[in-house]
Amino acid sequence: MPAVSPDITHASIDATSMRHAGRELLSLALMDARNHTLHLLSHFEQAIAQGQLTVPKRAELELPQWLAGHIGWLAEYWIGRNPQRALGPACPADGVRLASIEPMADRWFNPAMAPHALRWQLDLPPFEAIRAYLLETLETTLELLDKSAETDAGLYFHRVALFHEDLRCEQLVILAQSVGLPLKLALPVGIQGRDPLLVPAGRWMLGSRPGGFAFDVEQEAHEVPVPEFEIDAQPVNWGQFVEFVDDGGYDRSE
0 MPAVSPDITH ASIDATSMRH AGRELLSLAL MDARNHTLHL LSHFEQAIAQ GQLTVPKRAE
60 LELPQWLAGH IGWLAEYWIG RNPQRALGPA CPADGVRLAS IEPMADRWFN PAMAPHALRW
120 QLDLPPFEAI RAYLLETLET TLELLDKSAE TDAGLYFHRV ALFHEDLRCE QLVILAQSVG
180 LPLKLALPVG IQGRDPLLVP AGRWMLGSRP GGFAFDVEQE AHEVPVPEFE IDAQPVNWGQ
240 FVEFVDDGGY DRSE
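Residue 0 is where the sequence shown starts when you use numbering that gives the first Met the number 0, and the numbers rise one by one after that.
Below, the structure written as structure tokens:
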């Protein structure tokens, strides 16, 4: 794997500047994201092995095995198997692909071949095989990253892979909450309560500035008017949020 500068920290990989991250920062972020994926996956693996968890077939849910495998598949499909990856967003979606390191990868994890309604019927590989696939695809991703041009086009699909993995990890967390699976995640330490903050009306630059990475459904930076509003001075916990909803929060009927 590529060497990573000791000056790069977890704080820097969580910054909005990741849209413009270069090879070194992307390398650390991709490794950090994969570690997070494997950590989340381990909770599902343990619960399923102990017979404590079954994911019901519902439109809003996904199988954890499929989500994790799809993370590795997308990175491999657009980077490791894509001879035209250097074209970045100009790369044709239907271009030639090399063979996967896993012969069944497309059948299992390509959404076009495995639509949501059929995923519960697939003979998905065991968790051990999915972990191995995630590690092998990450190694290839990092090796090719080290050889990529330090340009927006050259790094485009590595940024895609990073943001996609973050998205799928969010889905794993939501899935755990939906099926009642406790997750061992580091939580913010308690802080002293503070009064809400009043934010005056103004104009806000919304969206991603030109250059770097953005999903194709995102708008480029543009100004929007923002009316005066009040906001809590610190994040609320889950109990406070539930209490807020039970008290009629988000009621727009008036």
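Glycine is no exception: its CB is placed at the ideal position from the N, C-alpha and C atoms.
Quiz item: Three or more C-beta pairs closer than 8 Å, one from the region 52-63 and one from the region 194-213: is that the case here?
Solution: Under the three-pair Cβ rule at 8 Å, the region 52-63 does not count as touching the region 194-213.
Quiz prompt | Terminal residues of the beta strand (DSSP E) in which residue 229 lies | solution = Run containing residue 229: 228-230, per the beta strand (DSSP E) assignment.
Quiz item: Can you name, in chain order, every residue of its own chain whose Cβ lies under 7 Å from the Cβ of residue 228, other than the five neighbours on each side?
Solution: Excluding positions up to five away in sequence, the list reads 198.
Self-check item: Continuous alpha helix (DSSP H) stretch holding residue 178: start and end
Solution: That run of the alpha helix (DSSP H) goes 151-178.
Quiz item: Expressed to the nearest angstrom, what Euclidean distance is found between the alpha-carbon atoms of residue 162 and residue 46?
Solution: Looking at the two C-alpha atoms, the distance is approximately 27 Å.
Quiz item: Do you know offhand how far residue 179's Cα is from residue 152's?
Solution: Taking the straight line joining both Cα atoms gives about 41 Å.
Quiz prompt | residue 173 versus residue 96: straight-line alpha-carbon distance, rounded | solution = About 32 Å.
Quiz item: By the 10 Å Cβ neighbour count, where 16 or more other Cβ atoms means buried, how is residue 157 classified, buried or exposed?
Solution: So residue 157 counts as buried.
Quiz item: Buried or exposed: where does residue 25 fall if 16 or more other Cβ atoms within 10 Å of its Cβ makes it buried?
Solution: Buried, because 16 or more other Cβ atoms sit within 10 Å of the Cβ of residue 25.
Self-check item: Outcome for residue 65 when other beta-carbon atoms lying within 10 angstroms are tallied against a minimum of 16
Solution: With 16 or more other Cβ atoms within 10 Å, it is buried.
Exercise. Please confirm whether residue 201 and residue 155 have their CB atoms less than 7 Å apart.
Key: No, the pair does not count as a contact, with Cβ atoms beyond the cut-off.
Practice problem: Take the Cβ of residue 208 as the centre, count every other Cβ of all protein chains shown within 10 Å, and call the residue buried at 16 or more, exposed below. | Solution: Flag for residue 208 reads exposed.
Self-check item: As assigned by DSSP and simplified to three states, the class of residue 234
Solution: In this structure, DSSP gives residue 234 a state outside helix and strand, which the three-state scheme calls coil.
Quiz prompt | Member of 216, 99, 114 and 71 whose CA lies at the smallest distance from the CA of residue 82 | solution = Considering only 216, 99, 114 and 71, the residue with the shortest C-alpha distance to residue 82 is 99.
Quiz item: In its own chain, which residues sit with a C-beta less than 6 Å from the C-beta of residue 74, not counting the 5 before and 5 after it?
Solution: Closer than 6 Å at the Cβ level, and outside the excluded window around residue 74, lie 136, 140 and 160.
Practice problem: Mind the definition here: the region 37-44 touches the region 123-138 only if three or more C-beta pairs lie below 8 Å; say whether that holds. | Solution: The count of Cβ pairs closer than 8 Å, one atom from the region 37-44 and one from the region 123-138, reaches three, so the stretches are in contact.
Quiz item: Should residue 69 go down as buried or exposed, given a rule of 16 or more other Cβ atoms within 10 Å for buried?
Solution: Burial call: buried.
Exercise. Counting only the same chain and skipping the five closest in sequence on each side, list residues whose C-beta sits under 6 Å from that of residue 108.
Key: The beta carbon of residue 108 lies closer than 6 Å to those of 68, 69 and 72 in the same chain, with the five residues before and after it left out.
Quiz item: Just checking my contact of residue 284 with residue 204 at CB under 8 Å: how many whole Å lie between their CB atoms?
Solution: Because residue 284 is not part of the residues shown, which for the chain are 0 to 253, the question remains open.
Self-check item: Contacting residues, own chain, Cβ-Cβ under 8 Å from residue 18 (five flanking each side not counted)
Solution: Counting only Cβ-Cβ distances below 8 Å, and skipping sequence neighbours, we find 158, 207, 211, 212 and 213.
Quiz item: Taking Cβ to Cβ, would you say residue 21 is nearer than 7 Å to residue 138?
Solution: In this structure, residue 21 keeps its C-beta atom at 7 Å or more from the C-beta atom of residue 138.
Quiz item: Can you name the start and end residues of the alpha helix (DSSP H) that residue 224 belongs to?
Solution: Note, residue 224: premise wrong, no alpha helix (DSSP H); beta strand (DSSP E) at 221-225.
Quiz item: Is it buried or exposed for residue 147, if we count other Cβ within 10 angstroms and need 16 for buried?
Solution: By the 10 Å Cβ count, residue 147 comes out buried.
Quiz item: Looking at the structure shown, is residue 99 part of a helix, part of a strand, or coil, going by DSSP?
Solution: The three-state secondary structure of residue 99, taken from DSSP, is coil.
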